[in-house]
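Residue numbers (UniProt numbering): 1 to 293.
Positions of the beta carbon are idealized from the N, C-alpha and C atoms, including for glycine.
This one's a predicted model, so the numbers in the text were calculated from it and none came from an experiment.
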Amino acid sequence: MHPDEPDIDAALVRRLLSAQFPQWVGLPVQPVASTGTDNAMFRLGPDLAVRLPRVGWAAEGVGREQYWLPRLAPRLPQPIPAPIALGRPAAGYPWEWSVVRWLDGVNPAVGVLAAPDRLARDLAGFITALRSVDPTGGPSASRGVPLAARDGATRAALARLAGTIDTEAATALWDKALRLPDYAGPPTWMHGDLSPGNLLVTGAGHLGAVIDFGLMGVGDPTVDLIAAWTLLPASARPAFRAALDADDAMWARARACALSMALVVIPYYRHTNPRLATDARHVVREVLADRSA
């Protein structure tokens with residue numbers, strides 16, 4: 001999915017484990033199907049998972065997760081990954097990698113959520129709890145920035161998408177969003193990528209766990225509201241918004257952020273991750289159809 005991405009398969013995982021964690025060599029290693037783009041995931045026996053970055057920018061998050069996840073976990077209402085071991089570069093693989101506890105659940109399926117209002121409230125509760133954690137000493141979040149910081153990438157994506165989406169409407173929404181006031185509140189903790197692939201739900205539709213914290217950090221927390229359009233149906237958005245007490249400006253910024261991220265995804269992953277590109281097209285349609293902000 002990325003230029004110069006290393007070959008990552010179960011055989012590599014077994015070689016890395018054999019050299020660094022021989023206590024787990026006898027456990028079965030199975031690839032985990034996912035639309036994720038930054039990390040390859042393998043289930044290791046019944047209770048563990050191995051997570052290997054696919055690209056350099058994802059590798060930067062390994063140390064952050066190892067240090068911060070154990071500190072955040074006690075403050076959050078749902079389980080998050082618990083790092084068990086830190087692997088080192090070896091066997092031709094260039095970056096650090098992680099062994100974490102396996103978390104049960106399934107990714108929510110957009111459009112067929114069992115209990116969308118319940119999930120909206122659960123997700124808002126998670127975001128609220130994460131924001132309440134003391135941000136002192138936390139790393140800067142790459143996505144916790146003003147919309148203007150995304151302008152170049154957004155316009156480049158719009159140019160590449162001419163004739164495939166309603167670029168006129170998308171550009172108008174984006175231009176309007178850039179005139180909104182920037183977030184003026186205190187920096188807070190954020191997950192950074194609350195997409196369906198990073199959420200696990202239970203059979204009853206509750207939020208069961210949140211995974212993949214590679215983009216977590218401290219900054220403008222607006223980005224965590226993108227779940228309103230990447231996951232939730234229009235009927236569940238009011239409950240989500242009310243639970244987070246998002247004012248008009250924050251809601252509009254979040255909608256524009258969801259649009260920007262989806263626009264960038266479509267051309268980059270159109271051929272290498274078609275399912276993700278399809279999901280991003282869904283987000284564009286949801287954003288352009290939403291007149292709530």
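Q: Please report how far the alpha carbon of residue 303 lies from the alpha carbon of I211, in whole angstroms.
A: A query on residue 303 cannot be resolved here, the shown segment of the chain reaching from 1 to 293 and no further.
**Q.** Selected residue, minimal CA-CA separation from A204, among D166, A58, P94 and D117
**A.** D117
Q. What are the residues that DSSP puts in a beta bridge with T188?
A. G219
Q. Less than 8 angstroms separating the beta-carbons of V110 and P196?
A. yes
Q | In chain order, each alpha helix (DSSP H) run of at least 4 residues that lies wholly inside the segment 202–253 | A | 227–230 and 237–244
Q.
Check for me: the alpha helix (DSSP H) holding Q66 runs from which residue to which?
A. G56 to L72
Q) When the distance is taken between beta carbons, is L225 closer than 8 angstroms to A254? A) yes
(Q) Checking the sheet assignment: what are the DSSP bridge partners for V13? (A) In the DSSP output, where bridge partners are listed per residue, V13 has none listed.
Q | Proximity to V99 [Cα-Cα], best of D47, R54 and G92 | A | D47
Q: Could you pull out every residue in the same chain whose Cβ sits closer than 6 angstroms to the Cβ of A209, ignoring the five residues on either side in sequence?
A: Q78, P79, L103, G105 and L200
Q. Per the contact definition of three or more C-beta pairs closer than 8 angstroms, is the segment 158–172 in contact with the segment 250–268?
A. With a cut-off of 8 angstroms, the segment 158–172 and the segment 250–268 count as touching, because enough Cβ pairs lie within range.
Q. Which whole-angstrom value is the C-beta distance of S142 and L215, which I expect to be below 8 angstroms?
A. 6 angstroms
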